[in-house]
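The next block holds one structure in the form of structure tokens; read it before the comments.
In my numbering, the protein residues as written are 27 to 312.
Shown next, in the form of structure tokens:
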């Protein structure tokens with residue numbers, strides 16, 4: 027058996043292709059955000075593009091378990107690197123659930139969506155070459171000045187405030203812990219418990235715009251908002267991530283209860299690599 031973090035299980039789902047729309051911008055608006063999950067009454071408009079797509083794929087897997095063994099094609103998505111300034115490493119799978127490398131977090135600089143793909147390598151080089159001159163400490167130039175240069179040089183459509191908030195500082199994702207199969211999970215009770223979480227969340231965000239909820243990660247530290255507002259946004263972000271992780275875990279447990287397995291060749295095609303700590307025996311032949 028091999029172990030994935032909750033986050034990497036989501037990434038694995040994201041590489042599975044069911045003849046579903048792949049153009050994220052249009053597909054999110056016209057398909058993923060409108061999709062209704064079979065087991066949960068959840069409005070996916072409040073979830074990010076990646077979260078919504080992973081939940082839709084997991085839902086479809088549950089409806090037809092054979093997809094994971096026969097009808098699944100792997101979309102060799104190389105788009106992930108296009109989002110980030112610094113080089114990203116391939117997601118890893120582990121042979122031991124106590125592997126110390128499972129505790130690492132993710133940090134990187136997000137490239138603005140409006141930056142043309144043909145200029146993203148140029149953006150990376152320019153960003154890394156000049157960024158250290160700017161910052162919030164003494165003897166550093168204010169970051170807004172750097173964002174102004176980026177906006178003009180690369181013809182970015184994002185507002186300066188958004189560039190400073192979302193793209194000047196590193197994006198940090200905490201480690202998402204390991205998914206373990208629970209042989210005694212009461213699936214009916216789990217559905218009820220998750221739906222209670224969803225109902226509380228839906229009440230909390232009832233007066234919020236969906237894009238405000240989706241961008242809560244970035245807005246929770248905004249200096250332009252009151253402390254009370256930031257605390258509310260941080261709570262929304264935490265609850266949204268908890269619901270996403272809980273539903274993914276539910277699907278994960280149900281898939282493996284039905285006898286699904288993820289063979290090594292699927293992990294390889296999906297762009298995963300053996301952990302350098304606990305899977306050294308696989309590295310030579312990978």
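Glycine included, each C-beta is placed from N, C-alpha and C at the ideal position.
Three-state secondary structure (DSSP) of residue i
i, result
"residue 167", "strand"
"residue 236", "helix"
"residue 160", "strand"
"residue 102", "Here the model assigns residue 102 a pLDDT of 41, short of 50, so the residue's position is not dependable and the matter cannot be decided."
"residue 181", "coil"
"residue 22", "This structure leaves residue 22 out entirely; the chain is present only between 27 and 312."
"residue 74", "coil"
"residue 299", "strand"
"residue 229", "helix"
"residue 46", "coil"
Residue nearest to residue i in terms of C-alpha spacing, selected from the options
i, options, result
"residue 142", "181, 135, 174 and 125", "181"
"residue 240", "196, 190, 195 and 260", "260"
"residue 65", "222, 308, 168 and 268", "222"
"residue 74", "301, 293, 85 and 266", "266"
"residue 272", "258, 135 and 80", "80"
"residue 40", "298, 306 and 311", "298"
"residue 179", "256, 152, 159 and 109", "152"
"residue 19", "276, 138, 31 and 233", "No answer is possible for residue 19: it lies beyond the span of the chain, which begins at 27 and ends at 312."
"residue 8", "125, 262, 269 and 113", "With the chain covering 27 to 312 only, the question about residue 8 has no answer from this structure."
"residue 138", "269, 254 and 107", "107"
"residue 281", "52, 211 and 269", "211"
Distance between residue j and residue i (C-alpha atoms, nearest Å)
i, j, result
"residue 244", "residue 225", "24 Å"
"residue 63", "residue 82", "7 Å"
"residue 303", "residue 34", "17 Å"
"residue 95", "residue 165", "Here residue 95 scores only 43 on pLDDT, less than 50, and its place in the model should not be relied on; the value that follows carries that caveat. Residue 95 and residue 165: Cα-Cα distance of roughly 58 Å."
"residue 194", "residue 214", "45 Å"
"residue 155", "residue 147", "12 Å"
"residue 238", "residue 279", "31 Å"
"residue 257", "residue 231", "14 Å"
"residue 77", "residue 69", "12 Å"
"residue 158", "residue 190", "14 Å"
"residue 89", "residue 293", "22 Å"
"residue 264", "residue 252", "18 Å"
"residue 56", "residue 311", "42 Å"
"residue 290", "residue 305", "12 Å"
"residue 315", "residue 167", "Outside the shown range of the chain (27 to 312) lies residue 315, about which nothing can therefore be said."
"residue 84", "residue 188", "32 Å"
"residue 46", "residue 162", "44 Å"
"residue 242", "residue 254", "14 Å"
"residue 92", "residue 274", "A caution first: residue 92 carries a pLDDT of 49, below 50, which makes its placement in the model unreliable, though a value can still be read off. C-alpha separation (whole angstroms): 18 Å."
"residue 87", "residue 268", "21 Å"
"residue 313", "residue 52", "The structure shown does not extend to residue 313, since the chain is modelled only from 27 through 312, so no value can be given for it."
Close-in-space but distant-in-sequence residues of the same chain around residue i (CB under 7 Å, 5 per side omitted)
i, result
"residue 140", "182, 183 and 184"
"residue 150", "111"
"residue 308", "300"
"residue 145", "180"
"residue 72", "231, 236, 239, 240 and 266"
Cβ-based neighbour list, residue i, same chain, cut-off 8 Å, excluding 5 preceding and 5 following
i, result
"residue 186", "170, 173, 174 and 177"
"residue 136", "109, 110, 111, 192, 193 and 197"
"residue 217", "65, 66 and 276"
"residue 113", "107"
"residue 125", "29, 301, 303 and 304"
"residue 160", "166, 167, 168, 169, 171, 172 and 194"
6 Å CB neighbourhood of residue i in its chain, flanking five on each side removed
i, result
"residue 54", "75"
"residue 102", "Interpretation of residue 102 is limited by its pLDDT of 41, a score under 50 that renders its predicted location unreliable; the figure taken from the coordinates is listed afterwards. Once the five neighbours on either side are set aside, residue 102 has no close Cβ partner at all."
"residue 270", "77"
>> Taking contact to mean 3 or more Cβ pairs, one atom from each stretch, closer than 8 Å, check whether the segment 56–74 and the segment 246–254 are in contact.
In response: no
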